[in-house]
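Novice: Keeping their order, the protein sequence lines are chains A and B. Quick note: the first sequence uses UniProt numbering, first residue 1, plus one each step. Quick note: the second sequence uses UniProt numbering, first residue 1, plus one each step. Quick one: this structure, given as structure tokens, is what I'll be asking you about.
2 protein chains.
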Amino acid sequence: MPKSTIRVATTEGCFRMIMPSLMRQFKEMYNDYGIRGVIGNAEQLWEMLENGELDIAFSGISLLAPECIEKDFLFEERLYLVVSEQMLQNYFPDRYPECVEEFRKGADIREFSGMPFCRSLPNLHCMQILDHLLEREEVTLDCVHTSGHFDLHQQMAQENLAACFSLSMYLPHLHELNLYSDNKLLVFPIKDLTETNPVYILTNKDKGYVEGTDELRIC
Amino acid sequence: MPKSTIRVATTEGCFRMIMPSLMRQFKEMYNDYGIRGVIGNAEQLWEMLENGELDIAFSGISLLAPECIEKDFLFEERLYLVVSEQMLQNYFPDRYPECVEEFRKGADIREFSGMPFCRSLPNLHCMQILDHLLEREEVTLDCVHTSGHFDLHQQMAQENLAACFSLSMYLPHLHELNLYSDNKLLVFPIKDLTETNPVYILTNKDKGYVEGTDELRIC
Numbered sequence: 001m002p003k004s005t006i007r008v009a010t011t012e013g014c015f016r017m018i019m020p021s022l023m024r025q026f027k028e029m030y031n032d033y034g035i036r037g038v039i040g041n042a043e044q045l046w047e048m049l050e051n052g053e054l055d056i057a058f059s060g061i062s063l064l065a066p067e068c069i070e071k072d073f074l075f076e077e078r079l080y081l082v083v084s085e086q087m088l089q090n091y092f093p094d095r096y097p098e099c100v101e102e103f104r105k106g107a108d109i110r111e112f113s114g115m116p117f118c119r120s121l122p123n124l125h126c127m128q129i130l131d132h133l134l135e136r137e138e139v140t141l142d143c144v145h146t147s148g149h150f151d152l153h154q155q156m157a158q159e160n161l162a163a164c165f166s167l168s169m170y171l172p173h174l175h176e177l178n179l180y181s182d183n184k185l186l187v188f189p190i191k192d193l194t195e196t197n198p199v200y201i202l203t204n205k206d207k208g209y210v211e212g213t214d215e216l217r218i219c
Numbered sequence: 001m002p003k004s005t006i007r008v009a010t011t012e013g014c015f016r017m018i019m020p021s022l023m024r025q026f027k028e029m030y031n032d033y034g035i036r037g038v039i040g041n042a043e044q045l046w047e048m049l050e051n052g053e054l055d056i057a058f059s060g061i062s063l064l065a066p067e068c069i070e071k072d073f074l075f076e077e078r079l080y081l082v083v084s085e086q087m088l089q090n091y092f093p094d095r096y097p098e099c100v101e102e103f104r105k106g107a108d109i110r111e112f113s114g115m116p117f118c119r120s121l122p123n124l125h126c127m128q129i130l131d132h133l134l135e136r137e138e139v140t141l142d143c144v145h146t147s148g149h150f151d152l153h154q155q156m157a158q159e160n161l162a163a164c165f166s167l168s169m170y171l172p173h174l175h176e177l178n179l180y181s182d183n184k185l186l187v188f189p190i191k192d193l194t195e196t197n198p199v200y201i202l203t204n205k206d207k208g209y210v211e212g213t214d215e216l217r218i219c
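Pasting the structure below:
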């Protein structure tokens, strides 16, 4: 039986990107601890931390989170525009491939408003950032798919079904997709999108020391 | 502008496995139609069909579904047990590798009850099938991760964090994972699990002909 079991959580997309290998590293370093991986949206994670159903979470945080939650800043994420080469060629026949260099300096979202898009629901902070920009620029996107699965959005972009948005943490997945396809996905910073998406380690400061939590921080 | 837009839906896991390439094929064959891809659980898909928010869905169906839904049988899925070679070796040190051949004839779930598992929530039909078996065999599994993301379960199995279950439709993903790792995932039929998981094409028989639906059936 493990000495104790640590319950670690993050949002669905982030879990997919980091947790399997993080959990393996933890098990390799601390084989006498158990580890459970939990998925939830930010609000669910805060609530589970508050109720003592979780020991540690990786997520964003807002003023709506319960006061007992302690945050340690982890990293800052940026949101990028992702378009396949073929789709760019179809939508900018007169400017391709020269436009690639131009968009690399900052893609103006208004120029892409004729494309179909995949996006996430507006409850994610990174989508609120985007929606502020769309509102300022008076742009409405034609969304052919809405879900929280950013890796799936990239797959659909590679099939030329849509353009999409990617947070920094999904770029390794994009580079992997690019290894196995001739239709490369291109990543552009978005012009005038200055807001970023901070990710924190969240714990409950009112709960006593949880065995294993400090060990996890080392991973 | 597209002639008309067809709204196609399936469950999250199935979407990930089949929809990006299905949607691309549809667009290649019928470029003058638009296609939107929607994700939902079975109950949500039935409701959206009933309300005319969807044209076609790929999903299971039960007696609880609204009467207006018409089903066409598509395929029958089986649920398999998935364990990595290293994990099998750790848990069956005296019987590995001979036990592999034995388990290929049908793995007795009781022999695996000491392993940690990933599984899905019991609201999925394929999990209800499993739960019937666990109940009959009086086995309780130690679940380190619960989610509807079967491809993620396979990733965690490859990291030796848990054993898991896979429906037939996720086996191509498993074979892909096996291409890039020395720690192969092994797939075993489950002894005494005879129930299967049927998947249907669902439409609303009360709604008139939807342009594009017949075209999609051809894909």
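For each residue, glycine too, the CB sits at the ideal point set by N, CA and C. Values in this document were obtained by computation on a predicted structure and should not be read as measured data.
Express the C-alpha separation of A:Leu167 and B:Met17 in angstroms, rounding to a whole number.
Specialist: Sequence index remark: in the second sequence, residue 17 of chain B carries index 17 (1-based). Sequence index remark: in the first sequence, residue 167 of chain A carries index 167 (1-based). Cα to Cα, the separation comes out at about 22 Å.
Novice: Name the two residues that bound the continuous alpha helix (DSSP H) containing A:Phe15.
Specialist: Here residue 15 of chain A refers to the residue found at position 15 of the first sequence. It spans 12-29 - the alpha helix (DSSP H) in which A:Phe15 sits, taken as one unbroken run.
Novice: If you measure between the beta carbons of A:Ala163 and A:Met127, is that distance less than 7 Å?
Specialist: The sequence position of residue 163 of chain A within the first sequence is 163, counting from 1. The sequence position of residue 127 of chain A within the first sequence is 127, counting from 1. No, the pair does not count as a contact, with Cβ atoms beyond the cut-off.
Novice: On the DSSP bridge assignment, give the partners of A:Ile129 in chain order.
Specialist: Numbered from 1 along the first sequence, position 129 holds the residue referred to as residue 129 of chain A. DSSP, once it has assigned bridges, lists no residue as partnering A:Ile129.
Novice: Could you give the residue range of the beta strand (DSSP E) that holds A:Glu119?
Specialist: Counting from 1 along the first sequence, the entry for residue 119 of chain A is found at position 119. Residue 119 of chain A is actually Arg in this sequence, not Glu. It spans 116-119 - the beta strand (DSSP E) in which A:Arg119 sits, taken as one unbroken run.
Novice: Contact defined as beta carbons within less than 8 Å: I believe A:Leu49 pairs with A:Thr203. What is the distance between those atoms, to the nearest angstrom?
Specialist: The count along the first sequence starts at 1 and reaches residue 49 of chain A at position 49. The count along the first sequence starts at 1 and reaches residue 203 of chain A at position 203. Indeed, because the Cβ distance is near 7 Å, the residues count as touching under 8 Å.
Novice: B:Tyr170: which of B:Leu79, B:Ala107, B:Ile129, B:Asp108 sits nearest, CA to CA?
Specialist: In the second sequence, counting from the first residue as 1, residue 170 of chain B sits at position 170. Out of B:Leu79, B:Ala107, B:Ile129, B:Asp108, B:Leu79 has the C-alpha closest to the C-alpha of B:Tyr170.
Novice: Compare the Cα-Cα distances from A:Tyr141 to each of A:Ile6, A:Asp131, A:Tyr91, A:Gly148 and report the closest residue.
Specialist: In the first sequence, the residue the question calls residue 141 of chain A occupies position 141. According to the sequence displayed, residue 141 of chain A carries Leu and not Tyr. The candidate whose alpha carbon is nearest that of A:Leu141 is A:Asp131.
Novice: What's the call for B:His149, buried or exposed, on a 16-neighbour Cβ count within 10 Å?
Specialist: Translated into positions along the second sequence, residue 149 of chain B becomes position 149. Label assigned to B:His149: buried.
Novice: So with Cβ pairs under 7 Å, would you call A:Ile39 a contact of chain B?
Specialist: As a position in the first sequence, residue 39 of chain A is number 39, starting the count at 1. Chain B, which has a Cβ nearer than 7 Å to the Cβ of A:Ile39, makes this yes.
Novice: Taking all protein chains shown into account, do 16 or more other C-beta atoms lie within 10 angstroms of the C-beta of B:Asp182, making it buried, or fewer, making it exposed?
Specialist: Within the second sequence, the letter at position 182 stands for residue 182 of chain B. Exposed, by the Cβ-count rule.
Novice: DSSP has B:Glu76 in a bridge; who is on the other side?
Specialist: Along the second sequence, read from residue 1 onward, the residue named residue 76 of chain B stands at position 76. DSSP lists B:Pro198 as partners of B:Glu76.
Novice: Out of A:Phe26, A:Asp206, A:Gly34, A:Tyr200, which one is the CA nearest neighbour of A:Thr10?
Specialist: Taking the first sequence and counting its residues from 1, one reaches residue 10 of chain A at position 10. Nearest C-alpha to A:Thr10: A:Tyr200.
Novice: Give a yes or no on whether the C-beta atoms belonging to residue 225 of chain A and B:Ser147 are separated by under 7 Å.
Specialist: This structure leaves residue 225 of chain A out entirely; chain A is present only between 1 and 219.
Novice: For B:Val100, which of helix, strand or coil comes out of DSSP?
Specialist: As a first step, residue 100 of chain B is located in the second sequence; it is residue number 100 there, counting from the start. The answer is helix: DSSP assigns B:Val100 an H, G or I state.
Novice: Return the residue from the list A:Asn51, A:Arg110, A:Leu177, A:Glu138 that minimises the CA-CA distance to A:Met156.
Specialist: Position 156 of the first sequence, counted from the start, is the residue given in the question as residue 156 of chain A. The residue with the shortest Cα to Cα distance from A:Met156 is A:Leu177.
Novice: For A:His175, return the contacting residues in chain B, with the cut-off set at a CB-CB distance below 8 Å.
Specialist: For the purposes of this step, residue 175 of chain A is identified with residue 175 of the first sequence, where counting begins at 1. Correct list: empty, because the minimum Cβ distance to chain B is about 14 Å.
Novice: What does DSSP give as the partner residue(s) for B:Pro189 in the beta ladder?
Specialist: One-based indexing of the second sequence puts residue 189 of chain B at position 189. DSSP, once it has assigned bridges, lists B:Tyr80 as partnering B:Pro189.
Novice: Within this structure, are the beta carbons of A:Cys99 and A:Phe117 separated by less than 7 Å?
Specialist: As a position in the first sequence, residue 99 of chain A is number 99, starting the count at 1. As a position in the first sequence, residue 117 of chain A is number 117, starting the count at 1. No, the Cβ-Cβ distance between A:Cys99 and A:Phe117 is not below 7 Å.
Novice: Hey, does A:Glu67 have any beta-carbon neighbour from chain B nearer than 7 Å?
Specialist: On the first sequence, position 67 is the one that residue 67 of chain A refers to. Not closer than 7 Å to any Cβ of chain B, the Cβ of A:Glu67 fails to qualify, so no.
Novice: Hey, A:Gly37 and A:Lys207: beta-carbon distance below 7 Å or not?
Specialist: Looking up residue 37 of chain A in the first sequence gives position 37. Looking up residue 207 of chain A in the first sequence gives position 207. No, the pair does not count as a contact, with Cβ atoms beyond the cut-off.
Novice: Out of B:Glu85, B:Ala57, B:Val82, B:Pro172, which one is the CA nearest neighbour of B:Asp72?
Specialist: By 1-based counting over the second sequence, the position of residue 72 of chain B is 72. Minimum Cα distance to B:Asp72 is reached at B:Ala57.
Novice: If you follow the beta strand (DSSP E) that A:Phe165 is part of, which residue opens it and which one closes it?
Specialist: In the first sequence, counting from the first residue as 1, residue 165 of chain A sits at position 165. From DSSP, the beta strand (DSSP E) with A:Phe165 extends over 164-167.
Novice: Check each residue of the segment 109-133 of chain A: if its Cβ is closer than 7 Å to any Cβ of chain B, include it; give the result in chain order.
Specialist: Residues passing the 7 Å Cβ filter: none.
Novice: Apart from the five residues on each side of it in sequence, which residues of its chain come closer than 7 Å, Cβ to Cβ, to A:His125?
Specialist: For the purposes of this step, residue 125 of chain A is taken as residue 125 along the first sequence, with counting starting at 1. Around A:His125: Gly60, Asn197.
Novice: Chain C beta carbons: is any one of them nearer than 7 Å to that of A:Arg24?
Specialist: In the displayed structure, chain C is absent; the protein chains listed are A and B.
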